[in-house]
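In my numbering, the protein residues as written are 2 to 770. Positions of the beta carbon are idealized from the N, C-alpha and C atoms, including for glycine. Fair warning: this is a prediction, and the values are worked out from it, not measured in the lab.
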């Protein structure tokens, strides 16, 4: 018997030695155990240190926390429940192992407890793949024992506990204790209460079985068992145990999804920028020529664009935003971002969208304009059908075109979006496409004109259902918001705000030799001589068309290119009415020059990036370009302020009660397809666009379809909220700095204009020669 026992011992020693040497099964290299290759999510911080979100792969929403950032209640609960002799053993608890072997292996007592130590469980988390059967799991156990002993050699007890809590998957995308504390209790690991810590430790036995979201009472019972163990280990008193066990299990569950939370459009744009590859022309389609140019310039000039490709870790490999645990500090202010999102929902969702539904109700052409034909509407819907996932899936499955179209006309159960929550309904897929297109879209961005810091960024009405980004990706015609660029050019060429022009419809010859007469929505002061200042304030279309031909032809696209960089602009007569397609981001960038004495500041998304150890690996500074002179700035500024004080932007004053010194410009394109508003103060520049997914989706009436009705209210609501929050530091008394010699740009003139009779026609003949 003793010989047999001795032989078994020798065989066990040999077997364990062979496992340790890697001859049997898998034994991780020593360097891997000294430095485990962890995958941690990267965190995105706002400028006021709120976590906006994370970049992570599936089941890798893990954020590293240090041991001193973990509540002692959590550590005590873990040791009391999982490994009471944790501080005394060297990886294997022989007593617990022997007890488990006798009671569970020989006596089949299921409640006898396990023999795995916390270190063994860590070994399993780090190095053991999921076992397909009990035999495979039995073979994994000896390997985990050997790895546990090795881990005890390389790490302190505190480090082992810390690694275990950082790696455990608590389900519901809560990987690691940082994510678990936030998702289940909306807190951080250091602020967990005793009962909360006990709940999370209780889940360690089987997170699926003890899932507090699905099985509240069952998980509460397990929590109370953990509290019993803490009492037995003398970590809490009997009175504390009894009072805590009587509490219900209350969660403050916070769903983590990249489509939810603050600034989802901004986070997605940041992700695309950081992971971008070097642009290759063959990867772009023919109609993406401008995008290739934009991306190529961004690659060469913007250090954030393609950051993961351009930067290397110490080992020479590229950074991975999903696994390297980076900390990305952005310029977004969480409070201002929240105000922007609230303003969009308040105006677009609860005022403008209902009015749009009301206008289109009962009309066969809805949600399109009555100006397009039935054939054009059907072509748009057919194109949208062919771009849908349902169509592609059916096409790949070999379904005929006829059957696909039949399926798209067949009502099915589905959920559709509404601002009051998802709606369960029965609808054909084609009707759902029409319904989805009936929602107006928007883009809003707000930034500091001196530092380039982007404070708020809203790319659409709801990221989960409308993911196309109308701030940076989408481009639409800018209408009258282009006029300040041309008026600024006039100021550079020696004009003054009080130079006068005839307010009558001109007829101009286009670049193709055809006659062109711009239309004007207002009939005010027709036939009179009016100042440039009046023309801009009232968004008159005839005045810029007249003075544009007194400017050097080559300077027109040049000044536009200075404001909106990288944009190819054609030299056309209608340039004065904004027929070019520009993004909200580009427009806000351009308008920073009006707050910054002629200097344009490019948007800055990120100030610095740190690795998972807190080392700063990248810092970012703004890029600035002088667009026009200070002299022109002091002339154009009062004209843009008149837009707010006396012109088309007056709703900012009388409807939203904002008294701050401010300039801006409204914009509306043909048929009300696009509504714009650009507004700026000495400290903040913001831009809003509102319109349909297609240009043929818009209000038929001017009252609701103009920029002052569609876009301006979002800006007004946003600025109301910003000024109402004293912590942000924005004051309505902050004013533009204007030297005394520029106090009156008209050299003695005033804004209040008396009607001036136009001179006889013969005296102005040849004005456009």
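Item	Value
Helix, strand or coil at residue 447 [DSSP, three-state]	strand
Inter-residue spacing [alpha-carbon to alpha-carbon] between residue 410 and residue 256	35 angstroms
Straight-line Cα distance separating residue 553 from residue 749	With a pLDDT of 36 at residue 749, under the threshold of 50, the predicted position of this residue should be treated as unreliable, though the coordinate-derived value follows. For residue 749 and residue 553, the distance between alpha carbons rounds to 28 angstroms.
Whole-angstrom distance between residue 509 and residue 766, CA atom to CA atom	Caution applies to residue 766, whose pLDDT of 35 falls short of 50 and renders its modelled position unreliable; the model cannot decide the point.
Short Cβ contact (8 angstroms threshold) for residue 663 with residue 636	no
Whether residue 344 touches residue 719 by CB criterion (8 angstroms)	yes
Element boundaries [alpha helix (DSSP H), containing residue 329]	Run containing residue 329: none in the alpha helix (DSSP H); it sits in the beta strand (DSSP E), 328-331.
Any 3 or more C-beta pairs closer than 8 angstroms across the segment 589-598 and the segment 686-694	yes
Those residues which DSSP pairs with residue 602 across a bridge	625
Burial state of residue 196 (16 or more Cβ within 10 Å)	buried
Residue range of the alpha helix (DSSP H) that includes residue 611	Element bounds for residue 611: not the alpha helix (DSSP H) but the beta strand (DSSP E), 607-611.
Straight-line gap, residue 350 to residue 476 (C-alpha atoms, nearest Å)	22 angstroms
Start-to-end residues for the alpha helix (DSSP H) that takes in residue 308	308-311
Distance between residue 445 and residue 455 (C-alpha atoms, nearest Å)	11 angstroms
Beta-carbon contacts of residue 781 that lie in its chain and below 6 angstroms, excluding the five residues immediately before and after	With the chain running from 2 to 770 in the structure shown, residue 781 is simply not present.
Three-way DSSP call (helix, strand, coil) for residue 340 in this model	helix
7 angstroms Cβ shell around residue 136 - same chain, five flanking residues per side excluded	Summary for residue 136: the model assigns pLDDT 49, below 50, so the residue's position carries little reliability, and this model does not support an answer.
Where residue 238 sits in the DSSP three-state scheme	coil
Residue nearest to residue 615 in terms of C-alpha spacing, selected from 122, 67 and 58	67
Extent of the continuous alpha helix (DSSP H) to which residue 202 belongs	195-204
Span of the beta strand (DSSP E) around residue 692	686-692
Inter-stretch contact at 8 angstroms, needing at least 3 Cβ pairs: the segment 701-710 / the segment 321-341	no
Runs of beta strand (DSSP E) wholly within the segment 417-448 (minimum 3 residues, chain order)	424-428 and 442-448
Cβ-based neighbour list, residue 501, same chain, cut-off 6 angstroms, excluding 5 preceding and 5 following	530 and 532
Straight-line gap, residue 386 to residue 393 (C-alpha atoms, nearest Å)	9 angstroms
Pick from 152, 448, 504 and 443 that is closest to residue 712, judged by C-alpha positions	443
Distance CB(residue 235)-CB(residue 46) smaller than 8 angstroms	no
Residues that DSSP places opposite residue 515 in a beta bridge	According to DSSP, which records beta bridges pairwise, residue 515 is partnered with nothing at all.
Residues bridged to residue 415 (per DSSP)	426
Contact the segment 294-309 vs the segment 267-281: 3+ CB pairs below 8 angstroms	yes
Residue-level contact to chain D via CB, residue 541, 8 angstroms cutoff	Looking for chain D here will not work: only one protein chain is present.
Cβ contact check for the segment 280-291 and the segment 240-258: 3 or more pairs under 8 angstroms	no
CA-to-CA distance, residue 390 to residue 416, given in whole angstroms	16 angstroms
Reduced DSSP secondary structure (H/G/I, E/B, other) of residue 263	coil
Pair within 8 angstroms by beta-carbon distance, residue 482 and residue 588	yes
Residues bridged to residue 701 (per DSSP)	Per DSSP, none; premise fails for residue 701.
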